[in-house]
Every structure is written in structure tokens, then in C-alpha cells.
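Residue numbers (the working numbering), protein chains in the order written: chain A, 39 to 321; chain B, 39 to 321; chain C, 39 to 321; chain D, 39 to 321. Each residue gets a CB set at the ideal place from its N, CA and C atoms; glycine is no exception. Remember, it's a predicted structure, so these values are computed and weren't measured experimentally. Report on the following structure.
Number of protein chains: 4
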Amino acid sequence: MAKVTLLINCKDKSGIIATVTNFFHERNGNIVYIDQYVDTENGIFFMRLENEFSLEFDIVKVRADFEKEIAKTYNMNWKLFAEERVLKMAIFVSKYDHCLYDILGRYKAGELGVEIPFILSNHKDLEPIAKAFGIPFYHVPVTKDTKVEAEAKQLELLQEFEVDFIVLARYMQIISDKMISEYPNNIINIHHSFLPAFAGAKPYHSAYKRGVKIIGATCHYVTAELDAGPIIEQDITRISHSHSIKDLILKGRDLEKIVFSRGIKLHIQRKTMVFNNKTIIFT
Amino acid sequence: MAKVTLLINCKDKSGIIATVTNFFHERNGNIVYIDQYVDTENGIFFMRLENEFSLEFDIVKVRADFEKEIAKTYNMNWKLFAEERVLKMAIFVSKYDHCLYDILGRYKAGELGVEIPFILSNHKDLEPIAKAFGIPFYHVPVTKDTKVEAEAKQLELLQEFEVDFIVLARYMQIISDKMISEYPNNIINIHHSFLPAFAGAKPYHSAYKRGVKIIGATCHYVTAELDAGPIIEQDITRISHSHSIKDLILKGRDLEKIVFSRGIKLHIQRKTMVFNNKTIIFT
Amino acid sequence: MAKVTLLINCKDKSGIIATVTNFFHERNGNIVYIDQYVDTENGIFFMRLENEFSLEFDIVKVRADFEKEIAKTYNMNWKLFAEERVLKMAIFVSKYDHCLYDILGRYKAGELGVEIPFILSNHKDLEPIAKAFGIPFYHVPVTKDTKVEAEAKQLELLQEFEVDFIVLARYMQIISDKMISEYPNNIINIHHSFLPAFAGAKPYHSAYKRGVKIIGATCHYVTAELDAGPIIEQDITRISHSHSIKDLILKGRDLEKIVFSRGIKLHIQRKTMVFNNKTIIFT
Amino acid sequence: MAKVTLLINCKDKSGIIATVTNFFHERNGNIVYIDQYVDTENGIFFMRLENEFSLEFDIVKVRADFEKEIAKTYNMNWKLFAEERVLKMAIFVSKYDHCLYDILGRYKAGELGVEIPFILSNHKDLEPIAKAFGIPFYHVPVTKDTKVEAEAKQLELLQEFEVDFIVLARYMQIISDKMISEYPNNIINIHHSFLPAFAGAKPYHSAYKRGVKIIGATCHYVTAELDAGPIIEQDITRISHSHSIKDLILKGRDLEKIVFSRGIKLHIQRKTMVFNNKTIIFT
């Protein structure tokens with residue numbers, strides 16, 4: 039049995055759902071998931087479809103047919119994924135280890151369904167963790183003067199290992215526009231505040247200073263503007279006046295881990311689409 | 039512009055989605071909501087569809103066509119609702135007023151989109167509230183000896199006012215099997231615990247005794263077995279050892295109100311289906 | 039049996055707790071609540087104490103003794119409240135009714151333990167609600183030209199009715215510095231976002247635009263700077279891409295009501311202290 | 039600077055707080071945390087106190103003084119802990135690895151402040167994880183016939199390594215009454231439901247069957263009666279009709295991890311007391 043996932047967006051028109059569902063029905067597909075959303079403000083239609091095929095299934099031909107018979111007509115942006123294809127996820131870290139431990143624990147427990155070709159860091163501190171989990175570790179230091187070479191080295195590694203997407207597990211360096219344009223909507227960051235509050239550095243310090251009663255974490259795609267990319271997932275936890283900044287950092291760790299992993303999983307399962315700097319999340 | 043909502047369940051078969059979406063597409067309907075669910079264990083297919091029609095739209099004819107062309111073939115249970123039809127909701131209460139105040143506040147704020155033909159109670163205590171909100175109030179006392187007449191009186195009122203569904207806003211009497219069979223999946227109760235924990239009387243007392251750290255509330259359809267009907271909505275709030283039973287009751291009020299109103303709204307918007315004593319909630 | 043509540047703040051020193059608890063023990067008080075907090079950054083000590091007295095209890099004498107024996111020595115800010123004194127709470131509204139309905143429902147249900155001498159509005163829309171609940175209503179329109187008189191009228195009413203504190207139940211006018219200085223930390227506002235995100239007007243519109251996955255509400259004391267006063271309580275609810283601005287407004291209502299009422303209750307129960315534009319909340 | 043934590047419970051009497059705070063004040067202690075609770079139903083007083091001492095501090099003498107001067111008079115159950123003493127925590131596991139990974143990640147990140155002398159399992163599956171984290175692993179198989187020897191072996195290891203408390207990270211064997219009586223309120227279990235709902239085996243299956251809209255996890259002390267011990271911490275997550283049992287198991291993992299780790303930390307920080315099969319949690 040083969041399973042494929044279709045993601046579509048295009049100008050909204052009547053009849054798209056009927057047309058698309060017919061297309062797969064005619065090919066003996068069984069729809070096991072359908073959801074759609076219309077951005078009425080901009081007149082854009084979005085759809086996610088999962089189809090199961092019990093017979094032999096030629097994805098190359100289906101893609102060609104779909105392009106010819108449907109996508110062209112509606113001028114669609116679309117992707118058809120085969121489930122068997124396992125994504126390759128690179129992890130970038132600096133010195134904080136909690137998100138790394140969490141991802142690797144989930145990875146080993148079989149929760150993610152990805153390959154992790156390597157862990158990359160601008161510091162050597164977390165190399166032993168990579169080793170304990172049996173994953174290649176690359177130390178690519180970044181200084182003011184070596185920024186360009188460092189990035190070149192990073193891109194070289196990403197290409198060599200055919201990485202599909204990158205997760206920044208508290209990686210404390212700015213990602214360059216070049217890298218972002220090479221991996222559009224494929225670099226996932228965890229920010230330790232409920233954005234747009236407390237963007238930028240030291241959000242726990244700012245939260246403490248403002249006296250908020252909840253702190254948050256935000257998982258988002260990286261764009262050129264810092265902490266302003268499309269939000270994939272957010273969550274919060276309650277705090278009180280009695281919590282010090284150190285307490286916030288500690289409490290925040292659990293939030294960061296859980297929000298980050300939820301965001302990563304949504305991406306892996308191709309449940310996210312991006313439009314106008316916002317995400318559509320098909321759950 | 040007319041808007042209709044379709045609810046379907048039937049034995050799962052390939053092609054239902056394509057067939058149904060085509061049906062509406064051919065009639066110039068524009069699908070603005072589609073969601074489906076397959077209970078794989080029992081092989082049952084569920085779907086909810088919202089269609090907008092910009093042209094004249096003959097719901098009687100569409101219903102007849104749908105029955106003939108589709109529903110018969112697939113042996114469907116189905117309903118097609120026109121949005122204009124405003125539901126009539128009766129409220130049953132006893133002495134607690136918090137859920138009543140909450141519902142009436144929402145009603146007056148235009149949040150519910152129903153008519154409330156009357157409030158019925160086995161006590162007179164809450165009559166002034168009904169009066170303040172300008173809603174007819176019926177006092178139907180229930181004692182051991184008058185149970186049968188009381189119920190007859192209730193059914194009479196329900197029929198007279200053509201009530202569609204009943205909400206039990208902390209109504210402290212058992213609903214008879216007869217009443218339940220007259221309003222299947224149309225009597226909505228709020229129970230003050232996270233069912234199945236603490237079913238029956240005095241759940242806050244039991245929660246206190248067990249030393250739980252969360253209390254809950256459950257909104258469910260009433261069935262013959264007490265507190266065992268299909269769950270529509272649940273939520274919880276945190277408590278601690280320092281909360282007395284009185285505190286739990288007070289904290290629980292807010293939970294009851296919010297969970298009850300969410301459940302009622304899901305019902306009004308026809309987002310609920312019931313199968314095998316469980317709900318499918320299309321959100 | 040008399041019950042008194044003590045609130046203290048002063049420069050942190052060793053021995054305060056022992057000294058204060060002794061003071062009440064010597065007068066046959068029974069401590070039923072004690073909590074303290076030290077702002078280590080600024081070296082400030084905060085304490086809340088509830089004492090029960092089974093014998094006759096002369097609060098005037100106790101206050102004098104406390105000032106002489108303890109407060110002077112430690113240079114304390116302090117207040118000793120007798121529980122019997124019922125606070126007077128004025129409600130300011132404009133056109134939105136959901137928070138008003140919620141407060142009045144709680145008030146009638148005996149949940150708040152305050153008097154409500156009047157409801158004041160710059161519009162006439164909500165007068166019928168005041169009437170239905172039997173509470174005096176004052177219409178004080180505010181225009182550019184009548185601002186000064188309007189405020190004078192407001193202050194006159196507040197003084198005439200000996201109002202202790204004011205709650206702004208979605209009151210859509212700026213509160214003047216004069217009013218704020220007359221009621222320091224006694225004007226409570228509900229803002230419909232998780233501050234500091236989306237301060238100012240139309241937070242739901244901004245939340246929609248940014249594509250956040252959670253929306254919030256914040257209950258805070260009003261200070262001269264808009265939406266920047268000490269936060270008493272916050273909470274959030276999850277949203278998705280599929281929610282329109284109208285949906286956010288509707289979902290936000292429930293948040294506003296619950297967060298507002300929690301903040302108001304903390305204030306009424308004298309569980310809040312303010313320092314450095316932050317609250318200490320003794321729960 | 040030395041820091042000590044005092045836990046007390048005794049029959050409630052007036053003056054205990056003043057007496058105890060004086061005791062530490064006279065010895066130049068600075069109270070940095072005080073909280074108390076009175077179980078009014080049973081007339082029992084509970085207190086937790088943290089004291090900092092800047093001078094030399096003789097804990098042995100203070101303990102003797104406290105017993106003589108205070109504890110005897112009030113017939114107290116009490117413990118005075120020195121902060122420097124690091125607790126020894128044994129981990130029991132079976133085949134599920136998610137809780138183990140989570141604990142070990144936190145341990146390595148310095149979050150727990152305990153020693154882990156060993157991991158013990160009735161299966162060999164998780165030995166590689168113990169090895170990767172550099173922690174001794176003991177395989178003690180348990181079968182019907184070897185139950186008694188297995189337990190003897192377990193107790194021998196616990197004594198040899200001077201273990202303070204045991205955490206059952208999804209350990210799938212019943213703990214014997216003997217073991218429980220050797221470690222009263224020192225064996226911590228994670229149960230994958232919001233107890234008292236779905237006690238016993240397969241709670242996710244039961245939750246699925248009942249159609250609940252929230253699932254939970256409960257961290258509790260182990261007592262002779264299965265899943266009925268004092269609850270330390272609980273939390274929940276929302277589910278829908280569309281989640282299969284497998285989904286519940288996966289979603290539940292995150293809940294189990296977070297609830298378990300919170301419960302363990304409360305225990306390590308001596309913030310828990312047990313009375314009448316309920317916990318008092320000093321936060």
C-alpha cells in the first residue's frame with residue numbers, strides 16, 4: 039500500500055475540491071485525510087490531501103497527469119509527496135543542550151521518522167552528546183572574520199549530505215540571507231518567548247522585568263527579519279512574581295523543548311504551508 | 039446567498055468524497071468547509087460539509103436529489119441544514135444560577151444564535167433571573183409522587199414551543215428514558231468533573247477526598263446511563279492541597295460555564311455527530 | 039470571630055517574620071495564612087498575613103500598637119484590613135456588554151463580596167443591563183470638548199458614593215492622570231492581548247496579521263503609560279489559521295471575562311501588592 | 039552560607055509559627071521561604087521553612103535544640119535537611135524509553151541535582167541507553183517463580199548504593215508491600231491517565247473507548263493499593279475523535295515526561311509532605 043500527501047495552493051475558484059478528489063478517485067486512491075482553507079482576504083485556496091493506494095502506483099506518472107490535467111488549469115503551487123521518502127534533518131546547536139537532548143531522545147524513540155545526517159555547532163561543548171547518540175558532529179566556529187567561510191562550510195555540508203531542512207536547537211548565530219534563500223521555509227527556529235513579545239536577545243530577562251504572568255515559546259520558520267518569520271507553534275506556562283530569571287530559564291526549557299518538537303513534527307509530516315508570512319497548519 | 043450544512047455517516051467506501059463534492063459543484067455550490075473522519079475500527083465514514091450558494095437555491099429539491107442520487111446508494115444517515123433556521127433551546131435549571139447567568143449573558147450578547155422559548159425549573163428560586171432577561175419561566179416541581187405528571191408537563195411545554203434541544207444548566211433531576219428517547223442526542227448536560235472520574239453526586243467532594251491536582255468539567259449528551267453519555271467537551275483547572283471543597287466549587291463554576299457554553303455552541307453549529315456513544319466533533 | 043489581613047513591604051531585614059508573628063501571637067491571633075517574598079534585586083521584603091481572633095478585638099488599638107512597636111522600627115508600608123469592611127466597586131463601560139454581564143452574574147451569585155454603587159458609561163447602550171440587575175446607571179458622555187467636565191463628573195460620583203476602586207469593563211476612553219493619581223493601583227483594566235504584545239488599539243487585528251497561534255488577555259492596574267501598568271493576571275487560548283478576526287474577537291471574549299474576574303477577585307481579597315510597576319500576587 | 043529546609047507537621051495549635059520563626063531568628067537564621075497549611079478537617083498543621091545562615095552553623099546541635107525546645111512540646115513530626123546533601127535516586131525501567139531519556143537528559147543538563155547510582159530493569163532492552171549516559175545498569179528479570187529473589191536482589195542493590203528514593207520510569211512490575219514499607223513515600227510512579235480515571239492497565243485504550251476529550255498523566259507515591267497513592271502532580275492534553283490509540287500513546291509520552299519530571303523535582307526539593315493519602319505541595 040502506498041500513501042501520498044498532496045499540498046496545494048492557488049487562487050480560490052469553485053470546484054477545485056471536486057476536481058481534485060475526482061482525480062484521485064479515478065486512480066483508485068482512497069482519501070484518508072482532507073482539509074482545506076480559504077484565505078478570503080486574499081482569495082487563496084489551500085488544501086491538504088492524503089491518499090492511500092492499494093494497487094501499484096506510479097508517482098511519476100501521477101505527478102505528470104496532475105500537472106497537465108489540473109495544476110496548469112488552476113495555476114497551482116503544489117507538491118505531491120510519497121510517504122516512503124525519509125527527510126534528512128540537520129541540527130545546528132551552540133552551547134545549550136536541553137533541546138538537543140530532547141530531539142535526540144525523540145529520534146532514538148522512533149518518534150520523528152527522519153534521518154539526522156549530522157549535528158553542527160559553532161562550539162565544541164556538545165560534541166560528547168553527538169558521540170553518545172552516534173551522530174556525526176561538525177565544529178564550524180563562527181567569528182566576525184570567519185563568517186563567510188563558516189557559512190560556505192555549512193552549505194557544503196548541507197549539500198554533501200542532501201539535507202532537506204535544518205532545525206536550530208538554540209543556535210546562537212544569525213542565519214544569513216543566502217542560507218535562508220537556499221532553504222526557504224525549511225529552517226526551523228525555537229525562540230524563547232511568545233512572539234511578537236520579547237523578540238531579540240534575552241527574552242526571559244525582559245519578561246522578568248515586565249512582570250508578566252505567563253512566559254512562552256515560539257517555533258517559527260526563519261526569514262530575513264529576526265524572530266519575525268511564520269509561526270508554526272506556540273505555547274506558554276504560568277509564572278509568578280516569586281520566579282527569578284533563573285527560574286524562568288529553567289521553566290522555559292520544558293516549553294522550548296515541547297514547542298520545538300511539535301513544530302518539527304508538523305513540518306516532517308508536511309502539515310504546514312506558508313503564505314504571506316503566516317502558516318496554515320493542517321492538523 | 040444561502041448556506042447549507044451537510045452531515046453524513048455511512049459505511050466507509052472509496053469515492054464518497056468525490057461523489058458528494060461533485061454533487062454540490064454541479065449545483066453551483068461553493069464548498070467553504072469540508073472535514074471527514076473514518077472510524078477504521080468499525081469502518082464508518084463521517085463527513086461535514088458547508089456549501090455556499092450565490093444563486094437561488096431550492097433546498098427541498100436538493101434534498102430529494104441527494105437522497106435519490108447519493109444517500110440511497112451509500113445507505114447514508116444524513117442531514118442537510120439550512121442556516122437560516124434558528125434552533126429553539128429550552129433551559130432546565132434547579133437552584134444554581136451561575137450557568138444560567140452565563141448562558142443568558144451570551145444569549146443577550148448575540149453569541150448563541152438561538153431562540154430560548156422558556157426556562158423550566160423544579161424550584162422557584164431562579165424565576166427573577168428569567169424575568170430580568172425577559173424569558174418565560176415555568177415552575178414544574180418534581181417530587182417522588184409527581185414525577186410522572188411533571189414529566190408529562192415538561193413534554194407538553196417542549197412540544198408546544200417546538201423545542202429543538204434542551205440544555206440542563208445544573209438541573210438536579212434524573213431525565214427519564216422517555217424524555218431521552220424523544221430528544222435523542224438533543225439533551226445536553228454539564229457535569230462538574232472530568233468524566234469518567236467522579237461520576238454521580240458530589241464530584242467536588244470526591245475530588246477533594248482523593249487529593250487530585252486538577253478538577254474538570256464535562257459537557258455531554260444525556261443517555262439512559264447516568265453521566266455516561268457521549269462527551270462533547272471537557273476542560274480542567276489546577277487546584278492544590280490548600281483549596282477547600284468550597285474553593286473547588288467556586289473554581290469549578292468557571293469551568294462549568296465555559297465547558298457548557300462551548301458544548302452548546304458546537305451543538306448549535308451542527309458540529310457534532312454521535313456514534314457508538316462517542317462524539318465526532320468537526321471544528 | 040474577627041479576621042484581619044496584614045500587608046507589609048519594607049527594606050529586607052532579618053527577623054521581621056519572627057517579630058510580626060510574635061506580635062499577633064501575643065494578642066491571641068491565630069495565623070491562618072502567611073506568605074512572604076523578598077525582591078532580592080532591590081532588597082525589599084513583602085508579606086501577607088491573615089489572622090483570626092476568637093476574642094474581642096480592637097483593630098484601632100492593634101493598628102496603633104503595630105505602628106509604634108514594629109512599623110516605625112522597620113520603616114514599613116503597611117495596611118491592616120478588617121474583613122467585615124465591604125469594598126465599593128464602580129464599573130465603567132462603553133458598548134461591549136460581555137464583561138459587564140460576567141461581572142454582574144458573579145456579583146448576583148455572591149461570588150465577589152463587594153458593593154456596586156453604580157455603573158458609568160460614555161454611551162447609553164448598556165443602561166438596560168444595569169436596570170435589569172437593579173444597579174444605578176450614569177451616562178457621562180465624553181467628547182473632545184467635554185473631557186474635563188466629564189472627568190469632574192466622574193470624580194464627583196466616585197466621591198459621593200465613596201468608591202474604593204474602579205473596574206474598566208472594556209471602557210474605551212483614556213483615564214486621565216488626575217483620576218489615576220486619585221486611585222493609585224485601584225483602577226483595574228482588562229486588555230485583550232497578552233501584554234506586552236499588541237498593546238494599544240485593535241490587538242485582535244494585530245494578532246491575526248502576525249499569525250500567532252495563541253491569543254491572550256491581560257488584567258492590569260492602570261498607570262499613566264497606556265497598557266503598561268502592573269500585570270495582575272494573564273491567560274491565553276489557542277487559535278489557528280482558520281480563525282477570522284471575528285472568531286478571535288468571539289474567542290477572546292471568554293478570555294477577557296475570566297482573566298478580568300480573576301484579577302478583580304485578587305484585588306478584592308487584598309492579595310495584590312505593587313512595587314516597581316510589577317505585582318506581587320499572594321495566592 | 040548554609041541553607042536548611044525544615045518540614046513540620048503536628049496537631050494545630052496557636053503560636054507554632056511565632057515559636058519556630060523565633061527559634062531560627064535567635065540562631066541568626068534568615069528565613070527565605072515560609073509556607074504553612076492547616077488541614078482544618080483533621081486539625082493538623084504543616085509548615086515548610088527555608089533558612090539561610092551566613093555564620094558557621096552546627097546542624098547537629100540545631101537539631102538537638104529543636105527537638106528539645108520545640109518538637110517535643112508540640113509532638114511534631116519534623117525533618118531538618120541540609121542542602122548540601124545530594125540525594126541518591128535509583129531508576130527502575132522496563133522497555134519504554136521516553137521517560138528514561140527525559141530524566142537522563144535533565145540529569146545531564148544539571149537540572150535535577152541528584153546522583154543516579156544505577157538503572158535497574160527487568161529487561162535488557164534499555165541497557166545501551168544507560169551505557170551511553172555512563173550509568174551502571176542492572177538486569178534483574180522478574181518472573182512468577184523468581185519474584186522473591188528478584189526483590190531481594192533489588193533491595194540489596196538499593197542498600198548497597200544507599201539509595202534515598204526510587205523512580206519508576208514506566209516500570210511494568212508491581213512493587214511489593216515489603217519494598218514499599220522500606221521506602222515509604224519514597225517510590226515515585228508515573229501513571230498514564232488523570233487518576234482516578236483509568237487506573238490499572240491500558241489507560242489509553244480505556245480513554246479511547248470512553249471518547250474523552252482530554253487525556254492526562256499522574257505522578258504519585260506508590261502505596262499498597264495500585265494507582266491509589268498520594269498524587270504529587272497531574273496534567274492533561276487535549277485530544278479529539280480523530281486520534282487513534284496510537285496517537286494517544288504518542289501524545290501521552292510528552293505528558294508523562296513532563297508530569298513525571300515535575301513530580302520528581304518537587305520530591306528532590308523536599309516540597310512534598312504526605313498526610314491521609316494526600317500530598318501537601320509547597321511551591
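Within 7 Å of any Cβ in chain A, is that where the Cβ of T43/B sits? Within the second sequence, residue 43/B is the residue found at index 5, counting from 1. Taking Cβ atoms only, chain A never reaches closer than 7 Å to T43/B, which makes this a no.
Helix, strand or coil for G148/B, going by three-state DSSP, please let me know. Translated into the one-based positions of the second sequence, residue 148/B becomes position 110. DSSP places G148/B in the coil class of the three-state scheme, outside both helix and strand.
Is the beta carbon of T310/D sitting closer than 7 Å to the one on L293/D? What you label residue 310/D is simply residue 272 of the fourth sequence in a count that begins at 1. What you label residue 293/D is simply residue 255 of the fourth sequence in a count that begins at 1. Contact flag unset, no.
Can you give me the C-alpha to C-alpha distance between A168/B and A266/D, rounded to a whole angstrom? The residue given as residue 168/B occupies position 130 in the second sequence. The residue given as residue 266/D occupies position 228 in the fourth sequence. For A168/B and A266/D, the distance between alpha carbons rounds to 45 Å.
Examine chain A for any beta-carbon lying closer than 7 Å to the beta-carbon of V81/C, and answer yes or no. Numbered from 1 along the third sequence, position 43 holds the residue referred to as residue 81/C. In the sequence as presented, Val is not what sits at residue 81/C; that position holds Gly. Judged by the 7 Å Cβ criterion, G81/C is not in contact with chain A.
So which residues of chain A does I55/B contact, with C-beta pairs closer than 7 Å? Here residue 55/B refers to the residue found at position 17 of the second sequence. Those are T59, I69 and I72, listed as they occur along chain A.
Let me make sure I understand the geometry here. Which of K51/D, E149/D, L164/D and F298/D has the alpha-carbon closest to that of T111/D? Counting from 1 along the fourth sequence, the entry for residue 111/D is found at position 73. Residue K51/D is the option with its Cα nearest to T111/D.
At 3 residues or longer, what runs of the beta strand (DSSP E) sit wholly inside the region 245–281 of chain B? 252–259 and 269–276
Does the beta-carbon of T321/D have 16 or more other beta-carbons within 10 angstroms, so that it is buried, or is it exposed? Residue mapping note: residue 321/D aligns to position 283 of the fourth sequence, counting from 1. T321/D is exposed by the Cβ-count criterion.
Could you have a look at D135/B and say whether DSSP puts it in helix, strand or coil? Here residue 135/B refers to the residue found at position 97 of the second sequence. Three-state result, D135/B: coil.
CB R308/B to CB T43/B, shorter than 7 Å? What you label residue 308/B is simply residue 270 of the second sequence in a count that begins at 1. What you label residue 43/B is simply residue 5 of the second sequence in a count that begins at 1. Result yes, Cβ atoms of R308/B and T43/B sit closer than 7 Å.
Is the shortest distance between the beta-carbon of I274/B and the beta-carbons of chain D less than 7 Å? By 1-based counting over the second sequence, the position of residue 274/B is 236. Yes - at least one Cβ of chain D is within 7 Å of the one on I274/B.
With which residues is L142/B paired in a DSSP beta bridge? Within the second sequence, the letter at position 104 stands for residue 142/B. Paired residue(s): none; L142/B is not in a bridge.
At least three beta-carbon pairs within less than 8 Å, the region 119–128 of chain B to the region 51–62 of chain B: no
For Y75/A, return the contacting residues in chain C, with the cut-off set at a CB-CB distance below 8 Å. Against the first sequence, residue 75/A aligns to sequence position 37. Neighbours of Y75/A on chain C, chain order: H279 and S280.
Pull up the CB-CB distance for A147/C and D135/B, whole angstroms please, since I reckon it's below 8 Å. Here residue 147/C is taken as the residue at index 109 of the third sequence, counted from 1. Here residue 135/B is taken as the residue at index 97 of the second sequence, counted from 1. Correct: roughly 6 Å between the Cβ atoms.
On the DSSP letters alone, give me the boundaries of the beta strand (DSSP E) that M85/B sits inside. For the purposes of this step, residue 85/B is identified with residue 47 of the second sequence, where counting begins at 1. I82 to F91 is the span of the beta strand (DSSP E), which, as asked, contains M85/B.
Check whether the Cβ atoms of L286/D and Y242/D lie closer than 7 Å to each other. Working through the fourth sequence from its first residue, we reach residue 286/D at position 248. Working through the fourth sequence from its first residue, we reach residue 242/D at position 204. At a Cβ-Cβ threshold of 7 Å, L286/D and Y242/D count as neighbours.
Do three or more CB pairs link the region 166–180 of chain B to the region 95–107 of chain B at distances below 8 Å? no
Min CB distance H305/D to chain A below 7 Å: By one-based count along the fourth sequence, residue 305/D stands at place 267. For H305/D, the answer is no, since every Cβ of chain A falls outside 7 Å of its Cβ.
Output, in chain order, the set of chain D residues within a Cβ distance shorter than 9 Å of T317/B. Residue 317/B sits at position 279 when you count from the first residue of the second sequence. Within 9 Å Cβ-Cβ: G249, K251 and H279.
With 16 other Cβ atoms within 10 Å as the buried cut-off, status of Q197/C: Locating residue 197/C in the third sequence gives position 159, where the first residue counts as 1. Classification for Q197/C: exposed.
Here's a check: name, in chain order, each residue in its chain whose Cβ is nearer than 6 Å to the Cβ of K316/B, leaving out the five neighbours to either side. The sequence position of residue 316/B within the second sequence is 278, counting from 1. The residues are P268.
For S159/A, which residues does DSSP report across the bridge? In the first sequence, the residue the question calls residue 159/A occupies position 121. DSSP output for S159/A lists V131/A and H177/A as bridge partner(s).
Straight-line Cα distance separating K247/A from K284/A: Position 246 of the first sequence, counted from the start, is the residue given in the question as residue 284/A. Position 209 of the first sequence, counted from the start, is the residue given in the question as residue 247/A. About 13 Å.
According to the neighbour-count rule (16 or more other Cβ atoms, all chains shown, within 10 Å of its Cβ), is A255/A buried or exposed? For the purposes of this step, residue 255/A is identified with residue 217 of the first sequence, where counting begins at 1. A255/A is buried by the Cβ-count criterion.
Following the continuous beta strand (DSSP E) through T78/B, name the residue where it begins and the one where it ends. Reading the second sequence from its first residue, position 40 is the one you call residue 78/B. Element bounds for T78/B: n/a, residue is neither H nor E.
Quick one: does I287/C have its CB under 7 Å from some CB of chain A? Start at 1 with the first residue of the third sequence, and residue 287/C comes out as number 249. Not an interface residue.
The region 216–237 of chain C: positions lying closer than 8 Å to chain A by Cβ: F232, L233, P234, A235 and F236
Output yes or no for whether 7 Å exceeds the beta carbon distance between D163/A and K133/A. Locating residue 163/A in the first sequence gives position 125, counting from the first residue. Locating residue 133/A in the first sequence gives position 95, counting from the first residue. Yes, the pair counts as a contact, with Cβ atoms nearer than the cut-off.
Cutoff 7 Å: H136/D Cβ touching any chain C Cβ: For the purposes of this step, residue 136/D is taken as the residue at position 98 of the fourth sequence. False, the Cβ-Cβ gap to chain C never drops below 7 Å.
List the residues that DSSP assigns as beta-bridge partners of F232/D. Locating residue 232/D in the fourth sequence gives position 194, counting from the first residue. Partner(s): none; F232/D has no beta bridge.
Quick check: D73/B and R86/B, are their CB atoms within less than 7 Å of each other? Start at 1 with the first residue of the second sequence, and residue 73/B comes out as number 35. Start at 1 with the first residue of the second sequence, and residue 86/B comes out as number 48. A contact, by the Cβ cut-off of 7 Å.
Checking contacts by CB at 7 Å: is G143/C closer than that to chain B? Reading the third sequence from its first residue, position 105 is the one you call residue 143/C. G143/C counts as touching chain B.
Is the distance from the Cβ of K260/A to the Cβ of I213/A below 7 Å? What you label residue 260/A is simply residue 222 of the first sequence in a count that begins at 1. What you label residue 213/A is simply residue 175 of the first sequence in a count that begins at 1. At residue 260/A the sequence reads Val, which differs from the Lys that was named. Their beta carbons are under 7 Å apart, which means V260/A touches I213/A by this criterion.
Extent of the continuous alpha helix (DSSP H) to which F61/A belongs: The count along the first sequence starts at 1 and reaches residue 61/A at position 23. In the DSSP assignment, F61/A falls within the alpha helix (DSSP H) that extends over I54 to E64.
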